[in-house]
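Notes follow once the structure below has been shown.
In structure tokens, the structure reads:
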């Protein structure tokens, strides 16, 4: 109908089960008659379309079916408002309505919303009253903004968001019921947009999303699913905001943070589900959380600020639980200047954000004690300031893939676990401190120390044949390779990528038994620090040797590299030559009188006894030790010509020799009388002659495996 209609009384307009369009004006000469839309028969759910600006002054009631509004003034003047009863729906189609008071009840037609935005980006500026639990829908890609306050006419009334579009709440609202985001997006732009009762809370279901542009205080939140287009069931779209209410992960839930934004969950995150982080921004977990599921950092940054920020550790360290950091994302550990110990197992891949680390220690002296699995090459960063990260768990690969580790950031990363990854290690920045024989993984791919970075060694460890490429002088010229403490062994070959400084701290010793080379580039070796560096390899570097401090002990004729450049011993330093070493043509320049402090190298402890010697070989180098390996150790002697060779005497009889720092032991005899009292010693002129004393008789062994005789 296109003509003008004038009301002479309260009227009922219905389309039964069909559709009717009123494109002419509706008026009542300012009498204020009530206009009711919808058949009194609930089964007759027709649609009436108002396509014109109307001037009637009475109340609008949508009693049944659908009232579709296609003009901003279609509902007449705003003096009496509009009421949508249970089972009916008011649709907005490409229009905004200003100042109209609205009362809603129910979920509309087919749960599409008692108020439903069909198309366009529209606004309802008037106050909205919930006369009971009510739904507001937004279809497709449409957006509806409610800028008026939402209150309640019936206590405990809740609000449900329906439809795949977006509903925006910009006002402080006072309804006290639960808010449910069933479909699409609910966007809040006021701290109290979700009503006046934080205890009622918000539930986000399935693939729906609650978007926040503000901080929300104390509101309980239940999250389910990945959100709309994997943006997060809770998604921070602008600003730096905090959600302080407790969060329940009823199933696997998610939180998103768009680029250049941050959302902090400061309440307790609990429940049986896991948590996935989406979006290029940052989500911060700042409480002691209790959720049981897996944490997945899919994109952007997830920051942990407590020991259990990542949830409760699983009953056993399985890859199904713990935390997974995908390629391109980052897990940040922030101890806020203190210290954290996080026990979660971790799966790690990629370089993180701007190559700062897929795992990044932001602040604090923190420990990650769970095992780590690499699914790709991974970068681990440690930021400046009061920052250190210790990884004490074992680092492995999901499948053999040659995955390795890059150390980024200016501060210290400590690896103290038994690691079995097979890829290369690169110390790109700062310090990598190794405190386990296998900290660098298998020896397949080697380790590189970039210029300005440091590889530290401590803990009395023995690194196998790990190929090592070293560049530069480290930090403050203390050494690109730095023995911090203890008596450590390194068996791998070393390549100089430029002039190199190796440091050994006072009262510590580093023995390097591999060969040093420089690709015929003439790079030099400088020894720094007051400790002892022992060189046992056949070295070919051509740039000369400068002993700035401490002691260099050489155990090979070619230990000092090519003869052409010579060796300089600075004032306060010392060059030691082991028995049998001959240096022919190398120029030697000496300054001063040597070290002023006596060497005080700590005792090196071996993995053996007192009940048995572990990890050993039989007399032919294979198999288990005979039974004489059991019993306490009564004596020990060091080989005078090689500090890495030791002999021990067992109380049950027998002398045993190690040539690799106690990892493997070889019996020299198994028929010596028990050494309940006595000692052993090595001939100073022949290390193959060992004397064993029982208190009554000395038993010399003339060579390596022959029996002892009085």
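Residue numbers (this note's numbering): 1 to 710. Beta carbons: idealized from backbone N, C-alpha and C, even for Gly. In this text, all values refer to a predicted model and were calculated from it rather than measured experimentally.
One thing to note: residue 91 has its Cβ no nearer than 9 angstroms to the Cβ of residue 61.
Judged by DSSP in its simplified three-state form, residue 228 adopts helix.
If you draw a straight line from the Cα of residue 224 to the Cα of residue 28, it is about 50 angstroms long. A straight-line Cα-Cα distance of about 18 angstroms links residue 439 and residue 375. Taking 9 angstroms as the cut-off, the Cβ atoms of residue 255 and residue 222 do not count as close. Taken in chain order, the whole beta strand (DSSP E) runs of length 3 or more contained in the region 9-87 are 11-13, 19-22, 35-37, 47-50, 60-62, 65-69, 82-84.
By the Cβ neighbour-count rule, residue 360 is buried, with 16 or more other Cβ atoms within 10 Å of its own. With 16 or more other CB atoms across the displayed protein chains lying within 10 angstroms of its CB, residue 575 is buried.
Less than 9 angstroms divides the Cβ of residue 185 from the Cβ of residue 209.
For residue 123 and residue 417, the gap between their C-alpha atoms comes out near 59 angstroms. Annotation for residue 408: the continuous beta strand (DSSP E) segment containing it runs 405-408. Selection 421, 401, 426, 420 evaluated against residue 413 yields 426 as nearest (Cα-Cα). The alpha-carbon separation between residue 104 and residue 270 amounts to approximately 34 angstroms. Restricting attention to beta strand (DSSP E) runs no shorter than 3 residues, the region 476-514 encloses them at 481-483, 487-490, 494-504, 509-512, ordered along the chain. If the five residues before and after residue 81 are omitted, its C-beta is found closer than 8 angstroms to the C-beta atoms of 59, 60, 100, 101, 102, 103, 126, all from its own chain and listed in chain order. For residue 130 against residue 150, the beta-carbon gap comes to about 7 angstroms, under 8 angstroms, which counts as contact. At the C-beta level, residue 404 and residue 422 come within 9 angstroms of one another.
If one requires a minimum length of 3 residues, the beta strand (DSSP E) runs lying completely within the region 303-343 are 323-325, 330-334, in chain order. Collapsing the DSSP output to three states places residue 157 in coil. Using a 10 angstroms sphere on the CB of residue 539, the tally of other CB atoms reaches 16 or more, which defines it as buried. The alpha-carbon separation between residue 262 and residue 311 amounts to approximately 20 angstroms.
Separation of residue 400 and residue 369 (C-alpha to C-alpha, rounded to the nearest whole angstrom) is 23 angstroms. Sorting 297, 309, 383 by C-alpha distance to the C-alpha of residue 349 places 297 at the top. A direct Cα-Cα distance of roughly 37 angstroms separates residue 388 from residue 638. Between residue 573 and residue 554 the beta-carbon gap is near 13 angstroms, outside 8 angstroms, which marks them as no contact. Within a 10 Å sphere around the beta-carbon of residue 211 sit 16 or more other beta-carbons, which makes this residue buried. When secondary structure is reduced to three states using DSSP, residue 241 falls in the strand class.
Residue 396 and residue 586 have their alpha carbons spaced roughly 45 angstroms apart. Residue 452 and residue 407 have their C-alpha atoms some 12 angstroms from each other.
In this structure, residue 183 and residue 164 form a Cβ contact; the two beta carbons are roughly 6 angstroms apart against a cut-off of 8 angstroms. The residue from 463, 504, 282, 545 with its alpha-carbon nearest to that of residue 566 is 545. When secondary structure is reduced to three states using DSSP, residue 110 falls in the helix class.
Secondary structure at residue 354: helix, using DSSP grouped into helix, strand and coil.
Within its own chain, the residues whose Cβ lies closer than 7 angstroms to the Cβ of residue 282, once the five positions on either side in sequence are excluded, are 257, 262, 300, 301, 303, listed in chain order. Sequence-distant Cβ neighbours of residue 47 in its own chain, meaning closer than 7 angstroms and more than five residues away, are 15, 19, 65, 66, 68.
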